[in-house]
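Asker: Numbering (our numbering), first residue to last: 4 to 321. For every residue, glycine included, the Cβ atom is placed at its ideal position computed from N, Cα and C. All values derive from a computational prediction rather than experimental measurement.
1) Give me the Cα-Cα distance between residue 74 and residue 18, rounded to the nearest whole angstrom.
2) Evaluate the contact criterion for the stretch 146 to 153 versus the stretch 110 to 119: three or more CB pairs, one atom per stretch, below 8 Å.
3) According to DSSP, is residue 213 part of a helix, a strand, or is it coil?
4) Just to confirm the assignment, what range does the alpha helix (DSSP H) spanning residue 126 have?
5) Between the C-alpha atoms of residue 148 and residue 257, what's the straight-line distance to the nearest angstrom?
6) Should residue 21 be labelled buried (16 or more other beta-carbon atoms within 10 Å of its own) or exposed?
7) Which stretch, first to last residue, makes up the alpha helix (DSSP H) that contains residue 266?
8) Verify the contact flag: residue 231, CB atom, against every heavy atom of the ligand COA, threshold strictly below 7 Å.
9) By how many angstroms is the C-alpha of residue 221 removed from the C-alpha of residue 96?
10) Can you find the residues in the same chain that come closer than 6 Å, C-beta to C-beta, to residue 99, ignoring five residues on each side of it along the sequence?
11) Is the CB-CB distance between residue 301 and residue 193 below 8 Å?
12) What three-state label does DSSP hand residue 233 in the structure shown?
13) Buried or exposed: where does residue 204 fall if 16 or more other Cβ atoms within 10 Å of its Cβ makes it buried?
14) Please determine, among 253, 117 and 274, the residue with the shortest C-alpha to C-alpha distance to residue 177.
15) Could you tell me the distance, in whole angstroms, from the CA atom of residue 124 to the CA atom of residue 223?
16) Is it buried or exposed for residue 281, if we count other Cβ within 10 angstroms and need 16 for buried?
17) In chain order, what residues of the same chain have a beta carbon less than 7 Å from the beta carbon of residue 263, not counting five sequence neighbours either side?
18) Judging by CA-CA distance, which residue of 289, 185 and 271 is the nearest neighbour of residue 312?
19) Since residue 332 and residue 228 should fall inside the 8 Å C-beta cutoff, what is the C-beta to C-beta distance between them, to a whole number of angstroms?
20) Smallest Cα separation from residue 231: which of 174, 109 and 292?
21) Work out the CA separation of residue 187 and residue 135 for me, nearest whole Å.
22) Figure out for me which residue from 308, 299, 305 and 255 has the closest Cα to the Cα of residue 12.
23) May I have the straight-line CA-CA distance separating residue 271 from residue 299, to the nearest angstrom?
24) Beta-carbon separation of residue 296 and residue 274 under 8 Å?
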C-alpha cells in the first residue's frame, strides 16, 4: 500500500474512533447531569447544561482540537471527505474493534460499583431511608451510563460485522494489538499508583474492583493474537520493525492519552476550586489532587511514547 493511502487510513481510523467515543462519552455525561439536576428536582435544565459544561469543558475543547487536526491532516493527505471515510471497509473494521474494546473497558469501570451499590441496596434496612435513596439514585445514574456504553458496543459490533466476510488488514490488527497492550500497561500503572498512594482500597478490595478490567483486557489481547495467527504470520516482536504499525499505534496512543489528560486536568481544576472553597476537607482534597497529578504524569509519558512510535514510522520509511 502506498505511503499516502496508508497515512490516510491511519488518520481516518483515529478520526472516526475519536468522534464515536467522544459522542457516546458526552451523551453519557450530559444524561447523568440532566438526571441529577432535573429529575431529582435539584435544578433547572439550563443550570444542568452549565454544570455539564463546567465539568467537561476542557475535554470538549481537547476532543474538538483533536478531531479538527485529524480532519485537516486527512484532507491534506488525500482530499477525502467524511462520507468516503465511513465507506472504507478496513476503517469500519478497525474502528469497530477499537470501539468495542473501549466500550468493554468503560463497562469494566462501571460494573463493579454498580454491582456493589445494587447489593448495598438489597442489604439496606428499610428504615434507612436516606441511604436507600442515595443508593437508588446512584444506581439509576450508573444504569444510564451502562445503557449508553451498551449502545456504543452495539455500534462497534455492527462496524465489525459489516465486513466480517472481507479480508482483514493484518498490519492494522497488529497496530490495534500494540495500542491495546501499551495503553493497558499505562492504565495498570495508573491503577497501581492509586493503591500505592493510599487513596485506593486495601489490596483485596482493589483486586476485586479491577479484576473485570484485567479479564477484559486479557481476553481482548488474546482475541487479537488469535486473529493475527490465523493469517499464518508470526513473530510479534517484528511489530516494532514495521513503520506503518508503529505509526498507527502511535497516533491512537496519542489520541487516547490526550483525552485522558484533558479529563485529569478538568478534575484537578474542579478539586482545586473545592479545595479553596471547602477548608474542612482540604486534606482529603489535596490527596485526590496529588493522585490526579500522578495520573497526568503517567499519561504524559504515554503520549511521549505515542509520539516516538509515530516519528519512528518516518524513520523506517526513510
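Answerer: Working from what's here:
1) Computed Cα separation, rounded: 7 Å.
2) Touching, yes, given that three or more Cβ pairs across the two stretches are closer than 8 Å.
3) helix
4) 92 to 126
5) 25 Å
6) With 16 or more other Cβ atoms within 10 Å, it is buried.
7) 246 to 280
8) As far as ligands go, the structure on display features none, and thus does not contain the ligand COA.
9) 20 Å
10) Closer than 6 Å at the Cβ level, and outside the excluded window around residue 99, lie 159, 162 and 163.
11) In this structure, residue 193 lies closer than 8 Å to residue 301 by Cβ.
12) coil
13) Reliability of the predicted coordinates at residue 204 is poor, the pLDDT of 48 falling under 50, and no value is obtained from them.
14) 253
15) 32 Å
16) exposed
17) 302
18) 185
19) No statement about residue 332 is possible, as the shown extent of the chain runs from 4 to 321 and does not include it.
20) 174
21) Taking the straight line joining both Cα atoms gives about 36 Å.
22) 255
23) 10 Å
24) In this structure, residue 296 sits away from residue 274, with a CB-CB distance that is not shorter than 8 Å.
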